[in-house]
Amino acid sequence: MYYFTILIALAQINLGSFFLHPQNGGGLDFGLSQAANILGFGGDRSFKFIGNSNGVGIESGNGALVGGQRVGVDSGLGVAASRGIDLGSQLQFGNQPSAPHPLGQLGSFFDNARSFFQNLGGMQSGKPGSDTDNDIEDIIFKQSTGNLLPYLVSYYRWKIDPNMTAGSLIWLQTLMSGLPFAMLIGGLAERKLGGRKSAILGCLLYTTGIGSTYFAVQTSYAATLLTMGIWASLGSSIAYSAILTTAQRWLPNNVGMAGGLIVGGYGCGAFLLSPLQTTFINPLNYRPNAEGYFTQDDLLESVPKVFLVMAGLFLTIQIFGLIFVAAPDETISVETDSLIAETSSREDVAESSQIMEQLKSSTFILLFISLMCNAVWVQLTSGLYKAYGQHFIMSDLFLSFVGSMASVFNASSRVFWGVLVDWTSYQFAMCLVCTMGAALAWLLPTVQLIANDILFLLTICLMFACVGGTYSLFPYVTHVCFGNTNFSIIYGVMQLSLSFAGLIAGLLSQFLLPHLGYNRLFLISGSFMAFSLFLTMILNFTRLARTVSAARPLNSQAQDRDNDE
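Positions -16 to -1, 1 to 549 (mature numbering (1 follows the signal peptide of the UniProt record, and there is no 0)) are the ones given, in order, by the sequence shown.
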């Protein structure tokens, strides 16, 4: 019996095969496939290329077989003369999923979730309207905060205040980007409780804040500012500070890469939320009205419930992530009080400097102002890019795809900038970020004039790469200039600049945007990056930065010396 079972299992294992099939209408399809099914457990993987007179396409699939049921992700890219570019993906649960959904299996899954919460709240969805666009219906991604704001402002106009504008909601993003003293509280909590306990505290605050926004968003905008803007932002800052400091202690000789990996994961959150937010709130790709707001009842009824779904997702991911958070063993860890060099002269500088003296130094002041300028540009870009794109791009799903790709560039670029600064210098990397950011912001009016979707996509993606550079390089330079001992405190105080930046961005959005328009506002935002470029260029003239440069002229040279030793 056992031998018979083994033979059946082996018979269902496909270690790899190549196929080539002619198509009836002309053309070929060929590819590779692998699969295994051992007593209902295994997996499959395939890649397929299709070509004929109508165009070309690529399909791929990856799945796991658990108890005879397939859980997999299938995606494809097609280029056809009649349809342009089609890009889509679907997530499958089970071998016999429900009837086809306009957004694939993932859309069906979130439809079920929406139905559950509608029954819970006693509300019925309106019937789908006819103003949908199915040309790119499988694109279901959205940048988290920037793309959630149009749905929120539409909901508030429908439910609470018909005069609310997108500029008014920039205050929510301002609080989420930089709550005063939140990072400082996170630094103090990390030193008092340790990395893991601080991260647990931050995760609890963040998740409960997001979940309670389900009730707050139905009450008032002020209540949403309290739960999502203050409560959740405080938890996010505490967890972020704890994890960032812990990671830098694990990789003291590659602090740029360590910071890039952590802030890269911070940026990946938007990519994970993309299918949830877009598919749950706007599965039928409703278009906004001429003023840029959504008015469909079934869409607006889904807005509060998405916060419960997000809270559940966050809690699940956090439980698994917190298991692996731990500080390195001090008995085998290397000295991490200073990452500038291993020379005694640089360590003496770091150890002799008191926190108050460091906060009063010209180096800290320049970095503080530079981060504030970058953050003004970041908040205006990430908060308004979709509302800006809606003026000349008709498809909400394409703008969702722009948000998805932007989040990929945001997250992946943070690792790139971290590795780059490890091998070059802070000034080189930050000058590159500021130059690109200013040039791209000044280019946006031309993008609107040309009204080319692909050019808009490329511009926003590159801008979000600069967003990643901003949040990857400032933790590095803080660690380099002020050492590991006081990093959490110094960086926490530096994060106060985000609050000033949020105040400036909020005032510009609410009071200048209605009069100047988006184009002039983006021109102003580019000037902030240009001024930050100037501050970066003169940073080496400060006393502490000169000491750092004397101890370690080029990061790459110091790294080479470390490797030689």
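C-beta: ideal position from N, C-alpha, C; glycine also.
(request) Identify the continuous alpha helix (DSSP H) that holds glutamine 411 and give its terminal residues. (result) Within the sequence shown, the letter at position 427 stands for residue 411. Run containing glutamine 411: 410 to 434, per the alpha helix (DSSP H) assignment.
(message) Buried or exposed for leucine 433, going by 16 or more other Cβ atoms inside 10 Å?
(response) Sequence index remark: in the sequence shown, residue 433 carries index 449 (1-based). Exposed, since its Cβ has fewer than 16 Cβ neighbours within 10 Å.
(request) Go ahead and label tryptophan 155 buried or exposed: buried means 16 or more other beta carbons lie within 10 angstroms of its beta carbon, across all protein chains shown. (result) Locating residue 155 in the sequence shown gives position 171, where the first residue counts as 1. Buried: at least 16 other Cβ atoms inside 10 Å.
(message) Which of the three DSSP states is assigned to serine 345 in this structure?
(response) For the purposes of this step, residue 345 is taken as the residue at position 361 of the sequence shown. It is coil, neither helix nor strand.
(message) Please report the distance separating the alpha-carbon of proline 86 from that of proline 267.
(response) Against the sequence shown, residue 86 aligns to sequence position 102. Against the sequence shown, residue 267 aligns to sequence position 283. Caution applies to proline 86, whose pLDDT of 44 falls short of 50 and renders its modelled position unreliable; the value that the coordinates give is listed next. Distance between the alpha carbons of proline 86 and proline 267: 8 angstroms.
(request) Could you pull out every residue in the same chain whose Cβ sits closer than 8 angstroms to the Cβ of serine 481, ignoring the five residues on either side in sequence? (result) As a position in the sequence shown, residue 481 is number 497, starting the count at 1. Taken in chain order, the residues that qualify are Gly162, Phe352, Ile353, Leu355, Met356, Ala359.
(message) Since serine 516 and alanine 425 should fall inside the 8 angstroms C-beta cutoff, what is the C-beta to C-beta distance between them, to a whole number of angstroms?
(response) Counting from one through the sequence shown, the residue named residue 516 turns up at place 532. Counting from one through the sequence shown, the residue named residue 425 turns up at place 441. Not quite, the Cβ-Cβ distance comes to about 12 angstroms (not below 8 angstroms), so this is no contact.
(request) Let me know the secondary structure DSSP gives tyrosine 270 once reduced to three states. (result) Start at 1 with the first residue of the sequence shown, and residue 270 comes out as number 286. Residue state, collapsed to three classes: coil.
(request) Please report how far the alpha carbon of alanine 413 lies from the alpha carbon of serine 493, in whole angstroms. (result) Reading the sequence shown from its first residue, position 429 is the one you call residue 413. Reading the sequence shown from its first residue, position 509 is the one you call residue 493. Each residue's Cα considered, the two are about 29 angstroms apart.
(message) Can you give me the C-alpha to C-alpha distance between isoleucine 144 and valine 309, rounded to a whole angstrom?
(response) Residue numbering aside, residue 144 sits at position 160 when the sequence shown is read from its first letter. Residue numbering aside, residue 309 sits at position 325 when the sequence shown is read from its first letter. C-alpha separation (whole angstroms): 42 angstroms.
(message) Please identify the residue among Leu235, Ile227, Ser225, Gly195 whose C-alpha is closest to the C-alpha of alanine 216.
(response) Translated into positions along the sequence shown, residue 216 becomes position 232. Nearest of Leu235, Ile227, Ser225, Gly195 to alanine 216, Cα basis: Gly195.
(message) Nearest by alpha-carbon distance to leucine 364: which of Asn237, Phe440, Ile488 is it?
(response) Position 380 of the sequence shown, counted from the start, is the residue given in the question as residue 364. Answer by Cα proximity: Ile488.
(message) Could you tell me the alpha carbon to alpha carbon distance between proline 236 and methionine 167, rounded to whole angstroms?
(response) The sequence position of residue 236 within the sequence shown is 252, counting from 1. The sequence position of residue 167 within the sequence shown is 183, counting from 1. Their Cα atoms are separated by approximately 21 angstroms.
(message) Does any residue of chain D have a CB that is nearer than 8 angstroms to the CB of glutamine 232?
(response) Protein chains in the displayed structure number just one, and chain D is not present.
(message) Looking at the secondary structure, which residues open and close the alpha helix (DSSP H) in which asparagine 503 lies?
(response) As a position in the sequence shown, residue 503 is number 519, starting the count at 1. 497 to 521 is the extent of the alpha helix (DSSP H) around asparagine 503.
(message) Please identify the residue among Gly421, Gln411, Tyr198, Ser379 whose C-alpha is closest to the C-alpha of asparagine 394.
(response) The residue you call residue 394 lines up with position 410 of the sequence shown. With distances taken between Cα atoms, asparagine 394 lies closest to Gly421.
(message) For phenylalanine 291 and tyrosine 198, which I take to be in contact (beta-carbon distance under 8 angstroms), what is that distance rounded to the nearest angstrom?
(response) Here residue 291 refers to the residue found at position 307 when the sequence shown is read from its first residue. Here residue 198 refers to the residue found at position 214 when the sequence shown is read from its first residue. Their Cβ separation, rounded to whole angstroms, is 5 angstroms, which keeps phenylalanine 291 and tyrosine 198 in contact under 8 angstroms.
(message) For a test of the three-state rule: what should DSSP assign to proline 288, helix, strand or coil?
(response) For this step, residue 288 is matched to residue 304 along the sequence shown. DSSP places proline 288 in coil when its eight states are reduced to three.
(request) Would you please state the rounded distance, in angstroms, between the beta carbons of isoleucine 444 and valine 386? I believe it to be under 8 angstroms. (result) Locating residue 444 in the sequence shown gives position 460, where the first residue counts as 1. Locating residue 386 in the sequence shown gives position 402, where the first residue counts as 1. Right, the Cβ-Cβ distance comes to about 5 angstroms (below 8 angstroms), so this counts as a contact.
(request) In the DSSP assignment, find the alpha helix (DSSP H) that holds methionine 167 and state where it starts and stops. (result) Locating residue 167 in the sequence shown gives position 183, counting from the first residue. Element bounds for methionine 167: 166 to 177.
(request) Specify the secondary structure class of leucine 480 as computed by DSSP and reduced to three states. (result) Residue numbering aside, residue 480 sits at position 496 when the sequence shown is read from its first letter. Leucine 480 falls in the helix class under three-state DSSP.
(request) In the DSSP assignment, find the alpha helix (DSSP H) that holds leucine 457 and state where it starts and stops. (result) Stepping through the sequence shown from its first residue, residue 457 is reached at position 473. Counting along the chain, the alpha helix (DSSP H) containing leucine 457 begins and ends at 437 to 466.
(request) Pull up the distance between the alpha-carbon of glycine 476 and that of leucine 189, whole angstroms please. (result) As a working note, residue 476 is residue 492 in the sequence shown. As a working note, residue 189 is residue 205 in the sequence shown. Spanning the two alpha carbons is a distance of roughly 18 angstroms.
(message) For cysteine 450 and tryptophan 361, I'd like the C-alpha separation in whole angstroms.
(response) The residue given as residue 450 occupies position 466 in the sequence shown. The residue given as residue 361 occupies position 377 in the sequence shown. So the alpha carbons of these two residues sit roughly 10 angstroms apart.
(message) Beta-carbon within less than 7 angstroms of alanine 183's beta-carbon, same chain only, minus the 5 sequence neighbours each way: which residues are those?
(response) Mapped onto the sequence shown, residue 183 falls at position 199. Answer for alanine 183: Ala223, Ala226, Ile227, Leu306, Val309, listed in chain order.
(request) Output the distance between the C-alpha atoms of tryptophan 234 and leucine 519, rounded to the nearest integer angstrom. (result) In the sequence shown, counting from the first residue as 1, residue 234 sits at position 250. In the sequence shown, counting from the first residue as 1, residue 519 sits at position 535. Going by the C-alpha atoms only, they are around 31 angstroms apart.
(message) Our contact map puts tyrosine 135 next to isoleucine 265 with C-beta atoms below 8 angstroms; I'd like the distance itself, whole angstroms only.
(response) The residue you call residue 135 lines up with position 151 of the sequence shown. The residue you call residue 265 lines up with position 281 of the sequence shown. Between isoleucine 265 and tyrosine 135 the Cβ distance is about 5 angstroms, and since that is below 8 angstroms, they are a contact.
(message) If contacts are defined as beta-carbon pairs under 8 angstroms, then leucine 381 and lysine 370 qualify, I think. What distance do you get, rounded to the angstrom?
(response) Here residue 381 corresponds to residue number 397 of the sequence shown, with the count starting at 1. Here residue 370 corresponds to residue number 386 of the sequence shown, with the count starting at 1. So it is not a contact: roughly 12 angstroms between Cβ atoms.
(message) What does the Cβ neighbour count give for threonine 300, buried or exposed, with the cut at 16 atoms within 10 Å?
(response) Position 316 of the sequence shown, counting from 1, holds the residue named residue 300. When all chains shown are included, threonine 300 counts as exposed.
(request) Please classify alanine 485: is it buried, with 16 or more other beta-carbons within 10 angstroms of its beta-carbon, or exposed? (result) To locate residue 485, count along the sequence shown from 1; it is residue 501. Alanine 485 should be labelled buried.
(request) Rank Ala242, Leu172, Pro288, Thr279 by C-alpha distance to the C-alpha of proline 146 and give the top, closest one. (result) Within the sequence shown, the letter at position 162 stands for residue 146. When each option's Cα is compared against that of proline 146, the closest is Thr279.
(request) Output the boundary residues of the alpha helix (DSSP H) element that contains threonine 211. (result) What you label residue 211 is simply residue 227 of the sequence shown in a count that begins at 1. Premise fails: threonine 211 is in no alpha helix (DSSP H) and is neither H nor E.
(message) To the nearest angstrom, how far is the alpha carbon of proline 429 from that of leucine 500?
(response) For the purposes of this step, residue 429 is taken as the residue at position 445 of the sequence shown. For the purposes of this step, residue 500 is taken as the residue at position 516 of the sequence shown. Each residue's Cα considered, the two are about 13 angstroms apart.
(request) Give the straight-line distance between the Cα atoms of isoleucine 270 and phenylalanine 506, rounded to the nearest whole angstrom. (result) Looking up residue 270 in the sequence shown gives position 286. Looking up residue 506 in the sequence shown gives position 522. Here residue 270 is tyrosine; the residue named in the question, isoleucine, does not match the sequence. Their Cα atoms are separated by approximately 27 angstroms.
(message) Short of 8 angstroms in beta carbon distance, which residues of its chain neighbour valine 137, apart from the five on each side in sequence? Order them along the chain.
(response) One-based indexing of the sequence shown puts residue 137 at position 153. Closer than 8 angstroms at the Cβ level, and outside the excluded window around valine 137, lie Met148, Thr149, Ala150, Ser152, Leu153, Tyr277.
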